[in-house]
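Working notes for the structure below.
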Amino acid sequence: MASLAVRIGPLELRNPVLSASGTFGHGLEMRAFTPPESVGGLVSKTVTVRPRPGNPAPRICETGAGFLNSIGLENKGIDHYVREVLPTMADADTVVVTNIGGESVEEFVQLAERLDGEGAVAMLEVNLSCPNVQGGKLPFATRPEMAEAVIGAVRAATSKPILAKLSPNVSDIAAMARAVEGAGADGVTAVNTLLGMAVDWRTGKPGLGTVQGGYSGPAIKPVALRCAWACARAVSIPVVGCGGIAGVDDALEYLAVGCTAVQVGTSSFSDPGLPGRIAGEMAERLDAAGVAAVTDLVGSIRDGSVRDGAGAPAAPRGGGPCASRT
Amino acid sequence: MRRPRGRPQVEPAVPFAAASFADGRARTRGILPRVPAPPPDARSALAAVVSVEPCGDDGALVRLRPPEALPPVRASRFFMLRREDGTSPLIPRPFSIYRQPDGDLEFLVKVMGRGTRALAEAPVGAPVRVIGPLGNGWPTLDGEGDPWVLLGGGIGCAPFYLAIRQALAGMDGAAPVPPEGVTYLFGAATAGLLYDLDAVRALGARVEPATDDGSAGFRGNVLQLLERLQAEGQVPRRVRLLACGPEPMLEAVRDHALDRGLDCWLSLESLMGCGVGICNGCPVPTEPEGPLGAWPNAKCCVEGPVFEARAIASCG
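Chains H and E, in that order, are what the protein sequence lines are.
Per numbering that gives the first Met the number 0, the very first residue in the first sequence carries number 0; after that it's consecutive.
Per numbering that gives the first Met the number 0, the very first residue in the second sequence carries number 0; after that it's consecutive.
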């Protein structure tokens with residue numbers, strides 16, 4: 000059996016499959032569908048300093064090829080999270096990642112300090128990139144110096160490893176990745192949702208209560224894959240790919256472009272058993288391709304200059320990613 | 000009664016309840032999980048289409064065979080359904096359990112667009128992802144208090160076939176409801192949208208149809224019909240109400256019940272992303288001083304879809 004373990008900073012993950020923030024609750028309540036021990040990690044829904052009741056309905060809108068949401072980070076705040084949620088996560092047999100969101104550097108610091116002493120939390124994911132707050136302005140995700148300020152301050156406030164979650168809604172995501180690497184992030188999560196919207200021209204009614212929101216699902220995979228690849232080329236810390244993963248092959252594609260791990264998001268709504276299933280199928284897929292360790296696949300894309308040295312896995316005859324040939 | 004806009008953010012006094020009423024056991028409010036969670040009996044399974052029968056002008060009865068038969072499911076609980084052969088949209092759609100014939104799951108599907116059409120046109124054998132049973136379901140329909148009046152509007156009839164059957168058979172160890180103790184008022188725009196009317200009539204309870212165009216039964220809506228029957232002395236003034244239907248109907252039923260101080264439960268339909276409490280896409284505004292606690296939204300999927308009328312500030 001192919002070895003699936005990967006490392007992010009000081010942490011070893013049993014396999015490279017995690018849940019994506021906001022699409023899996025806190026993770027543990029989903030154990031009847033995806034047991035915690037079946038995945039590499041569980042990423043919580045974003046926790047904020049104060050309770051947030053979230054955005055007005057409608058908050059979700061499926062479109063022709065994907066899914067729009069504008070939840071607005073509904074959550075009960077850090078006090079509730081520490082008091083009610085974390086005790087249930089203490090025995091979770093997986094890497095527990097808490098995703099934190101703030102509207103100022105100070106709020107991010109406050110959250111990081113609060114969680115630093117919480118043993119149940121193995122890693123923080125810093126949500127620099129939610130499109131559904133602050134009017135979609137994405138201040139921390141679009142300006143490298145602001146991302147650097149947040150990550151630097153969080154780095155100083157916690158001993159836990161940090162993932163910086165980036166937005167695809169930028170012109171140069173590599174610059175963002177370099178900025179957070181320089182500020183001390185242990186890894187980069189690429190990417191959050193794309194800004195999007197829907198409207199009914201007959202009624203003039205927008206699909207979301209906030210008009211614009213975050214676009215996700217298999218439709219965004221090529222966009223997100225490029226973002227992840229651009230990050231992987233730009234930094235030497237691990238990149239966690241996220242966007243449109245609906246099956247094990249999607250996950251392996253992210254590894255091929257240089258990601259160390261992946262997060263499964265919207266497709267967990269199609270089947271909450273999916274993260275566990277993807278992780279379960281991964282060894283079999285690698286065995287069939289003659290890949291001994293999942294880490295051998297990382298960055299193996301040809302002519303994509305993600306890494307030096309290690310050879311690509313044996314390419315199967317024919318095939319290729321272009322559906323036009325099928 | 001409406002919540003003023005812009006209410007202050009408050010720390011909730013009561014954690015979210017994720018109620019589960021598997022196989023018809025009593026509704027208990029004693030043990031609440033610390034985080035909102037899908038019901039413990041919910042599973043994700045791949046079922047196969049056994050049959051699809053047309054029903055009414057635009058509906059279908061879709062019968063699915065899960066890999067393992069489920070215990071009896073409480074009426075007005077639901078399942079998320081999605082074909083897994085590439086024909087369904089990305090997000091599954093919620094459907095009330097309609098019947099459970101011989102261990103299969105049967106759903107009444109009104110064709111509204113891509114998601115419902117994929118199910119209504121599924122060939123025998125097509126694989127369908129089935130996530131459930133989800134949500135809470137109707138309260139215990141007992142035969143000991145005021146009579147029950149069930150108000151169904153259009154496809155909102157889906158949770159009532161099983162409700163009548165379970166009420167007449169006895170739920171949760173309570174006294175069964177005698178046939179004269181339950182009146183089902185089934186309204187629709189027109190006769191062809193009174194889905195499966197003959198089957199529900201055959202259950203033995205009193206069933207009175209109503210149509211907007213008068214093509215079958217009473218001409219008018221179910222609340223007008225209720226008031227007519229009460230004026231004629233055929234239904235008492237003190238009743239317990241269950242309702243499921245379009246949002247304006249539910250708002251009217253809610254106002255009717257609150258004005259008269261009647262016990263009333265509403266089964267809400269909401270857009271849902273996941274059905275299991277993780278996407279926060281199905282908020283229902285809660286009554287600030289109501290039984291759901293201080294948090295301004297309830298999750299329709301795990302705290303509903305059945306809500307007490309007094310617990311919510313609006314139906315969507």
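Ideal placement from N, C-alpha and C gives every residue a C-beta, glycine not left out.
Anticipated Cβ contact below 8 Å, residue i with residue j, distance rounded
i                         : j                      : result
valine 187 of chain H     : valine 238 of chain H  : 5 Å
isoleucine 154 of chain E : lysine 109 of chain E  : 4 Å
glycine 242 of chain H    : leucine 254 of chain H : The Cβ separation is near 14 Å, so there is no contact.
valine 179 of chain H     : alanine 155 of chain H : Wrong, their Cβ atoms sit about 14 Å apart, outside the cutoff.
leucine 118 of chain E    : alanine 46 of chain E  : About 11 Å; that fails the 8 Å criterion.
leucine 167 of chain E    : tyrosine 97 of chain E : Between tyrosine 97 of chain E and leucine 167 of chain E the Cβ distance is about 17 Å, and since that is not below 8 Å, they are no contact.
leucine 228 of chain E    : valine 234 of chain E  : 4 Å
arginine 58 of chain H    : leucine 207 of chain H : 7 Å
proline 160 of chain H    : proline 9 of chain H   : 6 Å
Spatial neighbours of residue i in its chain, beta-carbon cut-off 6 Å, leaving aside the 5 residues before and after
i                        : result
threonine 189 of chain E : Thr210, Asp212, Ser214
aspartate 262 of chain E : Arg239
arginine 81 of chain E   : Ser87, Pro91, Arg128
methionine 79 of chain E : Pro91, Pro93, Ile130, Gly274
glycine 55 of chain E    : Gly191, Leu192, Tyr194
serine 266 of chain H    : Ala245, Leu273
alanine 250 of chain H   : Ile244, Val261, Ile277
glutamate 52 of chain E  : Leu60
cysteine 226 of chain H  : Pro167, Ile172, Ala189, Val190
glutamine 165 of chain E : Ala74
glycine 21 of chain H    : Lys44
alanine 25 of chain E    : Interpretation of alanine 25 of chain E is limited by its pLDDT of 31, a score under 50 that renders its predicted location unreliable; the figure taken from the coordinates is listed afterwards. For alanine 25 of chain E, where only same-chain residues beyond five positions count, the Cβ hits under 6 Å are Asp171.
8 Å Cβ shell around residue i - same chain, five flanking residues per side excluded
i                         : result
valine 46 of chain H      : Asn74, Gly76, Ile77, Tyr80, Thr97, Asn98, Ile99, Gly100, Leu110
arginine 177 of chain H   : Pro143, Ala233, Val234
leucine 270 of chain E    : Gly280, Cys281
isoleucine 300 of chain H : Trp228, Ala255, Val256, Gly257, Ala311
leucine 133 of chain E    : Pro37, Pro38, Ala41, Arg76, Phe77, Phe78, Met79, Pro93, Gly274, Val275, Cys300, Val301
threonine 157 of chain H  : Ala111, Glu112, Leu114, Asp115, Leu123
glutamate 250 of chain E  : Ser313, Cys314
glutamate 179 of chain E  : Pro146, Arg205
For residue i, the residue or residues it bridges with in DSSP
i                         : result
asparagine 74 of chain H  : H/Arg51
leucine 193 of chain H    : H/Tyr214
methionine 122 of chain H : H/Val96
isoleucine 7 of chain H   : H/Leu10
proline 53 of chain E     : E/Ala59
tryptophan 264 of chain E : E/Leu241, E/Glu307
Under the three-state DSSP convention, the category residue i falls into
i                            : result
methionine 79 of chain E     : strand
tryptophan 228 of chain H    : helix
tyrosine 183 of chain E      : strand
arginine 73 of chain E       : coil
threonine 62 of chain H      : coil
glutamate 105 of chain E     : strand
leucine 150 of chain E       : strand
isoleucine 277 of chain H    : helix
phenylalanine 283 of chain E : In the sequence as displayed, the identity of residue 283 of chain E is valine instead of phenylalanine. DSSP places valine 283 of chain E in strand when its eight states are reduced to three.
glutamate 226 of chain E     : helix
alanine 21 of chain E        : Since pLDDT at alanine 21 of chain E reaches only 41, below the 50 mark, its modelled position is unreliable, and the value read off the structure follows with that caveat. Note: alanine 21 of chain E maps to helix in three-state DSSP.
glutamate 207 of chain E     : strand
proline 178 of chain E       : helix
alanine 215 of chain E       : coil
leucine 89 of chain E        : coil
serine 267 of chain H        : helix
arginine 26 of chain E       : Confidence in arginine 26 of chain E is poor, its pLDDT being 34 and thus under 50, which makes the residue's placement too unreliable to answer from.
glycine 315 of chain E       : coil
proline 32 of chain E        : Confidence is the limiting factor: at proline 32 of chain E the pLDDT is only 46, short of 50, which leaves the residue's position unreliable, though a coordinate-based value still follows. Proline 32 of chain E: coil per DSSP, three-state reduction.
aspartate 254 of chain E     : helix
cysteine 156 of chain E      : helix
proline 15 of chain H        : coil
Nonlocal neighbours in the same chain, by C-beta distance under 7 Å from residue i, ignoring five residues either side
i                        : result
serine 19 of chain E     : Confidence in serine 19 of chain E is poor, its pLDDT being 33 and thus under 50, which makes the residue's placement unreliable; the coordinate value appears in the next sentence. Cβ within range, chain order: Pro38, Pro39, Asp40.
alanine 174 of chain E   : Asp141, Gly142, Glu143
aspartate 22 of chain E  : In this prediction, aspartate 22 of chain E scores a pLDDT of 33, lower than 50, which makes its location untrustworthy; the coordinate-derived value is nonetheless stated afterwards. If we look at aspartate 22 of chain E and ignore the five residues flanking it on each side, its Cβ neighbours are Pro70, Pro71.
threonine 294 of chain H : Val5
proline 65 of chain E    : Ala44, Ala46, Leu104, Val129
glycine 303 of chain E   : Gly134, Asn135, Leu267, Val283, Ala297
proline 271 of chain H   : Met29, Phe32, Thr33
CB contact below 9 Å: residue i versus chain C
i                         : result
isoleucine 130 of chain E : You won't find chain C in this structure, because its protein chains are H and E.
**Prompt:** Can you find at least 3 beta carbon pairs, one from the segment 207-224 of chain H and one from the segment 124-137 of chain H, that sit closer than 8 Å?
**Reply:** They touch, by the three-pair rule.
**Prompt:** Any chance the segment 115-125 of chain H sits against the segment 165-172 of chain H, with 3 or more Cβ pairs inside 8 Å?
**Reply:** At 8 Å Cβ cutoff, the stretches do not touch.
**Message:** Closer than 8 Å is the cut-off here; do at least three beta carbon pairs connect the segment 213-222 of chain H with the segment 285-294 of chain H?
**Reply:** Flag = no, the segment 213-222 of chain H and the segment 285-294 of chain H do not touch.
**Cβ contact check for the segment 145-152 of chain E and the segment 233-253 of chain E: 3 or more pairs under 8 Å** = The segment 145-152 of chain E vs the segment 233-253 of chain E: in contact.
**Asked** Can we say the segment 25-34 of chain H touches the segment 194-208 of chain H, given the rule of at least three CB pairs closer than 8 Å?
**Response** Output reads no: the segment 194-208 of chain H does not touch the segment 25-34 of chain H.
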